[in-house]
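One structure below.
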């Protein structure tokens, strides 16, 4: 009996030439670094240099996170990836009542330029690539980063990195949205324009399927809904008067890597092919870089277990291998203890060492796209492409990603997939080592990293001191200018930068925009 893939496609026990009958390698594969980019976005891929090794980190105060970043850099990390706490992600200051109990818990608390200055103190921003997992307030954190770089004497055209800035997936799967879709898309278009003029090497958006996958999306759903969001962002920028080849080369994507290696490799290859075709045929892109689906990958947090956490080391290694075989441009490997708490220094170092073993002790970097021509992988790539395109067509029939979000389509599809996974796990049909098979009678004790609850009071004291020291009239004037820009059609990032330079807080800037644009209330909340 044939097994099924995560996307519900049959996996045959044996594949032979018949699996690729009528298959055209020139049309389906091409050459590495060439349309349709199935085999990878660069001709040499990892044979010249390995992928960028990132470690997602941030907790407590800016001081503590800064220390962790310096340790990661000393251990060979090639790029930083910043985790922000929930109040920062939602555009609230640490002393706001709604922030109580969440300050510094799932990431670092950033309230103002003062915190950002500490976060990157002693880190040369002209030499480090920084990814920031931030969405609704992405513009603020990018501007704070630019301001700190300027203080270091680093010009904006030297800065490299990525802001996630993908608010549509927040409505679908994650929930850290602030503004309604229309002004959110306007803000994203303003970021595209600002970065083209001011920070040209910056990746302006990381269109994310990762969080959909973590919510239960199948691989086919993950790439379908992610690419549908990408189409919406491209349409928004084009409607704002931008030429597609002016911004599309700076688009990037963010996917998960699961333990199912074959399907994950096929997923990445199918996603590249679909995106290349969309950019060339629908949007008329001429620059090959506009057609490249460049992506970051993170191993699957949802597959980590609190039971027998050391087994997660094996899972992460397998997931990382899937990402590399699939052609990722950068990779974050989860720490084995993340199902329990924030990673310790040792577990974060082990996660990085996992990538270094893949890069330097295996032969997967010796040749480009080692699975090319594989009967099973090419067949699965075609099948996943067909399934994903079918889902994308349904989104289009509803009027595009935003209209489908407002009708709850993506969310309901993902919830159905998550329910199926849960049912299979509970029934023992889906084996999870240490959870429903191969359990221990008694778990070994483990001491997790804990965030000091006093951080909340410390951040509140810092905010009180900041408000007492700054020029309040300058802050008020800058926030008024920001509101005026938000009410009209001017790019809001320029007055926003002035406000942040004047030491306006993240919450104050977001509240100014809330006053003009309102906040999003999902339809299922009525």
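Residue numbers (this note's numbering): 170 to 695.
Every residue gets a Cβ at the ideal spot worked out from N, C-alpha and C, and that includes glycine.
query                                                                                                                             : result
Beta bridge counterpart(s) of residue 696 as assigned by DSSP                                                                     : Because the chain here runs from 170 to 695, residue 696 falls outside it and cannot be looked at.
Residues that residue 334 bridges to, as DSSP identifies them                                                                     : None; residue 334 has no bridge partner.
Rounded C-alpha distance that separates residue 317 from residue 268                                                              : 25 Å
Simplified DSSP state of residue 686, which is helix, strand or coil                                                              : helix
Contact check, residue 465 vs residue 224, beta carbons under 9 Å                                                                 : no
Residue 252, enclosing beta strand (DSSP E) - first and last residue                                                              : 248-252
Exposure label - residue 648; buried when at least 16 CB within 10 Å                                                              : buried
Within 9 Å, strictly: CB atoms of residue 675 and residue 193                                                                     : no
Residue 376 - containing beta strand (DSSP E), residue span                                                                       : 374-377
Pick from 333, 281 and 195 that is closest to residue 251, judged by C-alpha positions                                            : 333
Close-in-space but distant-in-sequence residues of the same chain around residue 514 (CB under 7 Å, 5 per side omitted)           : 240
Where residue 518 falls, given that 16 or more other Cβ within 10 Å makes a residue buried                                        : buried
Alpha-carbon spacing of residue 420 relative to residue 609, whole angstroms                                                      : 46 Å
Cα-Cα separation between residue 471 and residue 682, rounded to whole angstroms                                                  : 34 Å
Chain-order list of residues whose beta-carbon lies under 6 Å from that of residue 129 (same chain, five-residue window excluded) : Residue 129 lies beyond the stretch modelled for the chain, which goes from 170 to 695, so this question has no answer here.
Continuous beta strand (DSSP E) stretch holding residue 327: start and end                                                        : Note, residue 327: premise wrong, no beta strand (DSSP E); not H, not E.
Residue closest to residue 546, alpha-carbon to alpha-carbon, out of 177, 185 and 171                                             : 185
Buried/exposed call for residue 580, threshold 16 Cβ in 10 Å                                                                      : buried
Three-state secondary structure assigned by DSSP to residue 502                                                                   : coil
Opposing strand residues paired with residue 180 [DSSP bridges]                                                                   : 172
DSSP-derived helix/strand/coil call for residue 676                                                                               : helix
Between the CA atoms of residue 621 and residue 377 - distance to the nearest angstrom                                            : 31 Å
Distance between beta carbons of residue 374 and residue 153, contact taken as under 8 Å                                          : Missing from the structure shown is residue 153; the chain here goes from 170 to 695 and no further.
Whole-angstrom distance between residue 295 and residue 385, CA atom to CA atom                                                   : 38 Å
Check whether residue 329 and residue 550 have beta carbons under 9 Å apart                                                       : no
Unbroken stretches of the alpha helix (DSSP H), 4 residues or longer, contained in the region 591-672                             : 624-638, 641-656 and 662-670
Range covered by the beta strand (DSSP E) that runs through residue 225                                                           : 221-226
For residue 542, three-class secondary structure by DSSP                                                                          : coil
Sequence-distant residues of its chain with Cβ nearer than 7 Å to residue 324 (five each side left out)                           : none
The region 454-463 / the region 522-541 touching (three or more Cβ pairs under 8 Å)                                               : no
Separation of residue 354 from residue 576, as counted between CA atoms                                                           : 18 Å
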